[in-house]
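Just so you know, numbering that gives the first Met the number 0 puts 104 at position 105 of the sequence shown, and the rest follows in order with no gaps.
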Amino acid sequence: MGMVTKEFQHLQALHLGASECRMSVKQWMHTFIGHLLQATHTQWNYRNEVVHNATSGNKQNTRKQCLQERINTEMARGLEHLQQEDQYLMSVELGDLNNSLCDRHEYWLLAVETARLCGYMDQFPPAGIG
0 MGMVTKEFQH
10 LQALHLGASE
20 CRMSVKQWMH
30 TFIGHLLQAT
40 HTQWNYRNEV
50 VHNATSGNKQ
60 NTRKQCLQER
70 INTEMARGLE
80 HLQQEDQYLM
90 SVELGDLNNS
100 LCDRHEYWLL
110 AVETARLCGY
120 MDQFPPAGIG
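Below you can see the structure in the form of structure tokens.
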């Protein structure tokens, strides 16, 4: 039968012969293998959902945890090196990272990091040529 050993098939044939079941061993094995395939496919789907899901998979959870740590670091820095026109970024409501995709949070983080870099660079006079 391919997926199940011949010994198992033989034992099942003995059991079916001793019982009042009218199903042949071939029919029983066919049904049994169908159930095995269904169970393994269900387990495979569950694993894919846990590992690869866009909002709750393991990889996504690790990504969100790293992103949340970076956001917390930026929030703790407050207005440091932010120019007046960029200070609104610290009051943007990001929402719950656990129940959403990361795109909005990543965009905010990129905007804050860029604004801080610009604010930091403005402290230095431009280098003249000549």
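The C-beta atom is built at its ideal place from N, Cα and C for all residues, glycine as well.
Keep in mind it's a predicted model, so treat the numbers as computed, not measured.
In or out: Met-120 buried (at least 16 other Cβ within 10 Å) or exposed? exposed
Can you round the beta-carbon distance between Leu-88 and Arg-103 to whole angstroms, since I take them to be within the 8 Å contact cut? Rounded, the Cβ-Cβ distance is 13 Å, inconsistent with contact.
Cα separation between Glu-73 and Val-91? 13 Å
What do you get for Arg-115, buried or exposed, if any count of 16 or more other CB atoms within 10 angstroms of its CB means buried? buried
Please report the distance separating the alpha-carbon of Ser-23 from that of Leu-15. 8 Å
Kindly indicate which three-state DSSP category Met-74 falls into: helix, strand or coil? helix
With DSSP collapsed to three states, give me the class of Phe-7. helix
I need the straight-line Cα distance from Asn-57 to Cys-65, nearest angstrom please. 12 Å
Status (buried if at least 16 other CB within 10 Å, exposed otherwise) for Leu-13: exposed
Residue from Gln-42, Gln-11, Ile-70, Arg-69 with nearest C-alpha to Thr-30: Gln-11
Endpoints, alpha helix (DSSP H) assigned at Cys-182: Limits of the chain in this structure are 0 at one end and 129 at the other, which puts residue 182 out of reach.
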